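Notes to accompany the following structure.
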C-alpha cells in the first residue's frame, strides 16, 4: 500500500459502493504535505514524457496540479466550470457530463495559454467514468497540443474511465486505484483487502 | 518593487481603472514557482501569529494557500461557492456580494474542519471591497475560531477593503498593493510610477 492508499484508509469515508469522500485531505480540507508528495509522484511517473504544461480543472485538481507543476518545472492551467467575466479571448470549450449530478456542464480555457506543439499532462482528483479527463484531453487537442498523459489522484477502477481512455491511446497513471469499496472497507488494485474504515 | 509587483508589471493586463487581469500566472494559468514564493512570503509575515489553519476560497485562492500551508506546516480549507452534493454536515454559510458581477452568492464550509480555538489565516487572491475576505472571517468566527490575519496576493488599495477590515481589527498583509492603475501603467503603494504595461 502506498502513502495515498494508507491515507484514504485512515481518513476517507465510503458513502456508497461508488462514492468516496476525501474532504479531510483533498476535496475540502487540503493537506499541503500530501499534495507535495502526490506532485512528486506524478513528476516521477511522467518525467520521460516531455511535459511542457499541466492542465487541470477547478477546484480540487488545482492543489495536486501545482505541486506536480513545481516538481516538473512547468506552468499549470486550470479549466473553469463557469465562464469568467474577464476571460473570453480565444475561449475553447468542452462538455462534461457529471454522473454524480446527472447534468451536463461546460468547461473552458483560454487558447492563448496552450500553444501548438505543447505536451500537456492532464491532472485531476478523481477518475470514474472519465468524463472530465476526456473533456480536458479534448480542450488540449483542440488547442493543437498533444496529451502527454493523464495523472489521477484517486481512480475508481471499477468504473469505465480508465478502459475508455486507454482505448483512446492515453497513458494513465493513478496514484491510488480502488478495486471496490463498501461499508466493510476498500480494496485497492493489486492490493490486499483492508480493514474497515474509521471516521 | 518586490518579486510579485515586477511580475504584475510584466504580465498583468489593465482592463480598466479597477480591473487587472493576471490570468497569465494566478487566475487561469498558474506559475507554481511564483506561488511557492508567495507562500513563503505569507509564512514569513504571519510566522508569529500562531496560525493553525488556512482558510481560502475556490478557485484562485487555492494555489497561494497550499504553498502558505506547506511553509507554515498547517492544513488548508477552501470555502465552496457552490454547495457540494456530498458536503452537508455542519455546513456554515456566509453571503458575498460581488461588485464585478453585481450579484450576491453564498460560500460555505463544513464546520467539522474548523474547531474552536483554532487560529485561522485567511488567504485570497485579490482584495478590493473586502467582501470575500469579510465572508471568510465570518465563517471562521461562526465556527468559533479566531482570525489570526488576512493574507492577500494583490490588493487594490484604492478601494475600501483594507480600510474596512482594519477597522474591524484584522491584521492584513498584501504582497502587492496597487495604488492606482490605468492604460499608462500601475502605481504601487510606496512605489514609484512604473512604465506602461506590455502584453
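Chains as they are written, first to last, in the working numbering: chain X, 83 to 281; chain H, 83 to 281. Every residue gets a Cβ at the ideal spot worked out from N, C-alpha and C, and that includes glycine. Nothing here was measured: the structure is a model prediction, and the numbers come from that model.
Taking residue 152(X) as reference, the option from 122(X), 179(X), 176(X), 137(X) with the minimal CA-CA separation is 122(X).
Counting along the chain, residue 153(X) sits inside no beta strand (DSSP E); it lies in the alpha helix (DSSP H) bounded by residues 144-154.
The Cβ-Cβ distance between residue 145(X) and residue 148(H) falls below 7 Å. Residue 264(H) holds the alpha-carbon nearest to the alpha-carbon of residue 99(H) among 212(H), 220(H), 264(H), 271(H). Secondary-structure assignment with DSSP links residue 86(X) through no beta bridge to anything. Taken residue by residue, none of the segment 201-214 of chain H has a beta-carbon sitting less than 9 Å from a beta-carbon on chain X. Collapsing the DSSP output to three states places residue 237(X) in a strand. The shortest CA-to-CA distance from residue 212(X) to any of 141(X), 92(X), 112(X), 240(X) is the one to 240(X). At a cut-off of 7 Å between C-beta atoms, residue 140(X) counts as an interface residue with respect to chain H. Here residue 133(X) really is in contact with residue 154(X); their C-beta atoms are around 6 Å apart, less than 8 Å. When rounded, the separation of the alpha-carbon atoms in residue 266(H) and residue 97(H) is 11 Å. Sequence-distant partners of residue 218(H) (beyond 5 residues in either direction) whose C-beta falls short of 6 Å from its own C-beta, in its chain, are 137, 204. For residue 215(X), the three-state secondary structure derived from DSSP is helix.
For the segment 101-132 of chain X, the set of positions with a beta-carbon nearer than 7 Å to some beta-carbon of chain H reads 101, 103, 105, 110, 111, 112, 113, 114, 115, 117, 118 in chain order. Selection 214(H), 173(H), 232(H), 193(H) evaluated against residue 185(H) yields 214(H) as nearest (Cα-Cα).
The beta carbon of residue 246(H) lies closer than 6 Å to those of 212 in the same chain, with the five residues before and after it left out.
Shown here, residue 250(H) sits in coil according to DSSP, grouped into three states, outside any helix or strand. Within chain H, 141, 144, 145 have C-beta atoms less than 7 Å from the C-beta of residue 144(X), given in sequence order. Residue 148(X) has a beta carbon lying within less than 7 Å of a beta carbon in chain H. Along the segment 89-151 of chain H, the alpha helix (DSSP H) occurs as fully enclosed runs of 4 or more residues at 114-127, listed in sequence order. Chain order gives the chain H residues near residue 192(X) as 105, 110, where near means a beta carbon separation below 8 Å. By the CB criterion at 7 Å, residue 108(H) and residue 207(H) fall inside the cutoff. For the options 128(X), 158(X), 87(X), 162(X), the alpha carbon positioned closest to that of residue 141(H) is the one of 162(X).
Proximity of residue 158(H) to chain X, defined by a Cβ-Cβ separation below 7 Å, is satisfied. Collapsing the DSSP output to three states places residue 244(X) in a helix. For residue 135(H), the number of other beta carbons within 10 angstroms of its own is at least 16, and it is reported as buried.
Collapsing the DSSP output to three states places residue 194(H) in a helix. Residue 224(X) sits close to residue 174(X), with the two beta carbons spaced by under 7 Å. A distance of 7 Å or more separates the beta carbons of residue 93(X) and residue 270(X). DSSP lists 136(X), 231(X) as the beta-bridge partner residues of residue 203(X).
Residues of chain X with a Cβ closer than 8 Å to the Cβ of residue 231(H) do not exist; the shortest Cβ-Cβ separation is about 18 Å.
At a Cβ-Cβ threshold of 7 Å, residue 235(H) and residue 222(H) do not count as neighbours. Its chain contains 133, 134, 135, 136 as the residues whose beta carbon lies nearer than 7 Å to that of residue 156(X), once the 5 sequence neighbours on both sides are disregarded; these appear in chain order.
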